[in-house]
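Right, one structure below, let's go through it.
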Amino acid sequence: MSDYQGQPILSVQNVTVGFQTKRGIAKAVDGVSFDVHRGEVYGLAGESGSGKSTIALAVLRLIEEPGKILSGKILYDGQNVLDFDDSQLRAYRWSKVSMVFQGAMNSFNPVMKIGEQLVDAITAHSNMSLEDAQKRAQELLEMVGIDKIFVNRYPFELSGGMKQRAMIAMALILNPPLLIADEPTTSIDVIRQVEILKLLKNLQSKFGLSMIYITHDLSLMAAIADRIGILYAGKLVEEGPVDEIYERPAHPYTKLLLQSIPKLEGESSIIGIPGQPPNPLSYPSGCRFHPRCPFAMNICVDEEPVLKEVSGEPPPEISGDRQNYGVGPSHRVACFLWDKASAGAYDTRFTPVKRIDQKVD
Amino acid sequence: MHNLLEMNDVSVRFRARNMEFYALKGIDFSVEPATNIALVGASGSGKTTMAKVFLGFQKPTTGSALYKGKDIYALKGKDLRDFRKNVQPIFQDPYYSLNPVRKIRHVLDMGLFLSKLNKQEKNKAIQEALKRVGLNPPEDFLDKYPHQLSGGQRQRVAIARAFIGNPEVVIADEPVSMLDVSMRAEILNLILDLRKTSNTAFLFITHDLAVAKYISEKIAVINVGEIVEYGYTKDVIGMPVHPYTRLLLDSVLTPDPQISKVKLEKFNKDAMITQPIIPECEKVTTKYVDLGNGHYVKCSQK
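In structure tokens, the structure reads:
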């Protein structure tokens with residue numbers, strides 16, 4: 023699964039997005055790099071405030087004041103999206119990369135019929151005749167499982183799940199090769215959630231779409247993603263093929279997140295992560311996870327770990343009884359625990375942090 | 005001995021212009037002392053309406069809702085105070101359920117409104133309550149306003165408020181669904197812990213069967229206003245009988261790509277819904293069939 027041929031469809035390189043506030047610049051995304059290959063579903067997982075939606079908006083260049091892409095490159099098909107002028111942007115947005123937004127229930131114009139809104143979008147981006155556009159709108163709605171009679175309905179006449187489907191139809195009107203789905207199933211009920219996920223997966227394989235799937239829900243993620251990047255406080259802390267990440271998480275945060283989810287299978291008890299995600303205006307020094315990390319060492323407070331290939335002896339704190347960590351470029355992690363073994367025991371930077379009585383939550 | 009809370013043939017009907025629909029249809033349900041039940045269903049199934057009926061917020065259209073054998077909507081005087089003190093809610097959204105202009109101290113003090121403690125005892129109880137929910141040391145939180153706390157901390161305050169007067173039952177409506185993943189587990193464990201150390205009965209409302217399994221001894225599955233399956237957690241999850249329960253179970257994904265990918269591929273709502281009727285139902289004329297061990301399933305044709 024890790025052998026991808028050719029140029030990635032999207033390459034996000036060292037992108038930093040900042041929001042100017044009265045109390046300084048909040049770096050919602052800080053030096054994030056990842057590639058999305060053709061035909062793959064790349065999952066971005068993280069909690070609220072980790073920067074996952076901000077990355078999605080940056081890819082579409084939809085970051086608005088007071089936010090700004092401060093540095094980095096976003097290459098679509100090798101071309102830097104950040105250099106695009108207005109006309110290039112128009113040709114890029116929606117026809118190359120489109121997006122299903124979070125809370126899509128409210129993204130429709132309430133006073134326009136669903137069909138009109140789809141037709142509007144089609145005619146604005148192509149020179150299709152009105153009749154053809156109407157036909158296409160019907161086709162699209164049917165493709166996402168909505169009966170064509172709903173073409174003439176207003177958004178309030180559709181259920182939440184149907185609106186979400188209609189949003190997906192809207193995102194696909196121009197046959198974009200890359201689709202970004204930002205928490206498309208939050209706030210719809212469990213059964214419809216799985217239906218929408220299944221619909222997206224089917225459309226993705228049917229059209230060979232590349233997809234960025236964003237969610238905080240690692241159970242949903244497990245069902246859809248091929249590769250996953252785990253975000254914490256604006257940084258990518260781990261990345262790898264989906265099976266590898268779930269079976270052999272290499273970062274303490276990933277490992278703890280996976281232990282915090284109740285499961286139907288088995289009888290295991292769950293463990294929470296103490297503390298809370300940091301404020302983007304004052305990230306902790308060094309590794310941003312160190313105040314919550316049970317294995318934090320002195321070096322984690324002082325230095326920032328970089329994302330690099332998982333290599334060497336797996337640290338026992340992380341691996342437990344797991345073996346065979348996939349080494350090589352496909353699994354990357356930003357954690358000093360992986361350097362500990364090679365540094366040797368005499369190196370005091372790798373001794374555990376002495377904690378002053380940690381506050382709960 | 006009466007049940008703590010009881011619904012007898014409760015229906016709640018809502019009307020809008022010339023349409024009407026039933027949020028609850030003929031519910032019989034009870035909460036016994038010191039038990040711990042999860043109410044599970046999709047959005048619109050009626051779970052929150054059930055909570056509202058029990059909390060005294062939504063009068064049933066027909067049928068009766070009882071607290072210790074007395075009609076909740078006819079309680080007066082001492083009985084009403086007793087009910088208010090002993091039936092406590094925890095709501096879904098800790099951002100809206102705490103008064104933004106009141107300090108945490110005040111929020112908890114209101115929870116003791118009906119107690120007969122003096123000021124000093126109240127202060128002590130407030131400190132204890134904060135410690136119990138892991139907000140330690142309490143002095144750090146007493147004089148804060150809700151906006152100064154994180155979502156997880158706010159939900160802890162809401163839990164402390166609910167438990168402070170030693171209620172007989174706490175009704176929690178999706179208490180973790182608004183929280184970040186990393187904080188959910190801590191709140192769930194806190195609730196488990198409080199349950200173990202008190203005699204409080206717990207009605208936990210959730211759409212997530214995995215959470216229900218983790219937190220409760222019994223599960224009631226509700227669909228379009230009716231309880232379709234009820235029993236011990238291990239029976240309902242281990243041997244689900246009603247098609248709707250099975251459908252819900254099929255929609256619970258798990259953080260394991262191999263399991264979840266197969267589950268997603270196999271998921272077929274229509275096949276689940278049109279499943280044949282439960283064979284046990286053929287033998288009975290009642291609305292529910294008892295499968296043993298208190299495991300009840302609704303027979304859809306009755």
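First to last, the sequence lines map onto chains U and C. Adding 22 to a residue's 1-based position in the first sequence gives its number in this note's numbering. Adding 4 to a residue's 1-based position in the second sequence gives its number in this note's numbering. Ideal placement from N, C-alpha and C gives every residue a C-beta, glycine not left out. Because the structure is a prediction, the values reported are computed rather than measured.
| query | result |
| --- | --- |
| Can you list, in chain order, the residues of its chain whose CB lies under 7 Å from that of U:Met23, leaving out five sequence neighbours each side? | The predicted position of U:Met23 is uncertain, since its pLDDT is 43 and thus under 50; no value can be drawn from it. |
| Between which two residues does the beta strand (DSSP E) carrying C:Arg17 extend? | Leu9 to Ala20 |
| With DSSP as the reference, identify every bridge partner of U:Asn149, one or two as the case may be. | Beta-bridge pairing links U:Asn149 to no other residue. |
| Between the Cα of C:Asp97 and those of C:Leu116, C:Thr201 and C:Met182, spot the shortest distance and give me the residue it belongs to. | C:Met182 |
| Answer with buried or exposed for U:Ile293, where buried requires no fewer than 16 other C-beta atoms within 10 angstroms of its C-beta. | exposed |
| Let me check one thing: in DSSP terms, what residues is U:Met189 bridge-paired to? | In DSSP, U:Met189 forms no bridge with anything. |
| Can you tell me the Cα-Cα spacing of C:Pro37 and C:Val288, whole angstroms? | 31 Å |
| Tell me which residues of the stretch 202-215 of chain U have at least one Cβ-Cβ distance to chain C shorter than 8 Å, keeping chain order. | Ile210, Asp211, Val212, Ile213, Arg214 and Gln215 |
| Output the residue ranges of the alpha helix (DSSP H) runs that lie fully inside the stretch 87-118 of chain U and measure 4 residues or longer, sorted by chain position. | 108-114 |
| For the stretch 292-316 of chain U, which residues have a beta carbon sitting closer than 9 Å to at least one beta carbon of chain C? | Ile292, Ile293, Gly294, Ile295, Pro296, Gly297, Gln298, Pro299 and Arg314 |
| Looking at chain U, which residues of the stretch 148-168 of chain C have a Cβ within less than 7 Å of any of its Cβ atoms? | Ser154, Gly156, Gln157 and Arg160 |
| Identify each residue in the stretch 172-203 of chain C for which the Cβ-Cβ distance to at least one residue of chain D is less than 8 Å, and report them in chain order. | Considering every chain present, this structure includes no chain D. Its protein chains are U and C. |
| Across the stretch 170-177 of chain U and the stretch 90-101 of chain U, are there enough close Cβ pairs to call them in contact, namely three or more that are closer than 8 Å? | no |
| Run through DSSP, which three-state label would C:Lys291 get? | coil |
| Are C:Met187 and U:Gln160 closer than 8 Å when you measure CB to CB? | no |
| Which ranges would you report for the beta strand (DSSP E) in the stretch 74-109 of chain C if only whole runs of at least 3 residues count? | 91-94 |
| May I ask you to list, following chain order, the residues of the stretch 214-231 of chain U that have a beta carbon less than 9 Å from some beta carbon of chain C? | Arg214, Gln215, Val216, Glu217, Leu219, Lys220 and Lys223 |
| How is the beta strand (DSSP E) around C:Leu28 delimited, first residue to last? | Met23 to Val35 |
| Going along chain U in order, which residues have a C-beta closer than 8 Å to the C-beta of C:Ile241? | Leu286 |
| Against U:Val264, what residues of chain C qualify as contacts under a CB-to-CB distance less than 8 Å, listed in chain order? | Pro261 |
| Mind checking the stretch 93-116 of chain C against chain U and listing, in chain order, the residues whose C-beta falls within less than 7 Å of any C-beta there? | none |
| Can you tell me which of the three DSSP states U:Leu225 falls into? | helix |
| Does any residue of chain U have a CB that is nearer than 8 Å to the CB of C:Ala214? | yes |
| Provide the residue span of the beta strand (DSSP E) that contains U:Lys49, from first to last. | Gly46 to Val58 |
| Under 8 Å between C-beta atoms, does C:Ser220 make it to chain U? | no |
| So U:Ser232 and U:Glu62 are supposed to be a Cβ contact under 8 Å. How far apart are they, rounded? | 6 Å |
| At a Cβ threshold of 8 Å, is U:Asn36 touching chain C? | no |
| Nearest chain C C-beta to U:Ser75 closer than 8 Å, yes or no? | no |
| If I measure Cβ to Cβ from U:Gly46 and keep anything under 7 Å in the same chain, skipping five residues before and after, which residues do I get? | Leu303 |
| Closer than 8 Å, Cβ to any Cβ of chain C: which residues of the stretch 46-67 of chain U, in chain order? | none |
| Which of the three DSSP states, helix, strand or coil, is assigned to C:Ala245? | Here residue 245 of chain C is Val; the residue named in the question, Ala, does not match the sequence. Of the three classes helix, strand and coil, the one that applies to C:Val245 here is coil, per DSSP. |
| Spell out a yes or no on whether the stretch 79-98 of chain C and the stretch 142-161 of chain C are touching, meaning 3 or more CB-CB pairs, one atom from each, closer than 8 Å. | yes |
| Among residues of its own chain, excluding the 5 on either side of U:Gly71, which ones have a beta-carbon nearer than 7 Å to its beta-carbon? | Pro299 and Pro302 |
| Exposed or buried, U:Arg344, counting other C-beta atoms within 10 Å across all chains shown (16 or more means buried)? | exposed |
| Grab me the residues of U:Asp204's own chain with a C-beta within less than 8 Å of its C-beta, minus the 5 sequence neighbours each way, in chain order. | Lys74, Ser75, Ala78, Met121, Val122, Phe123, Gln124 and Ile236 |
| Using Cβ-Cβ distances below 8 Å, what residues of the stretch 253-280 of chain U are close to chain C? | Val264, Asp265, Tyr268, Leu278, Leu279 and Leu280 |
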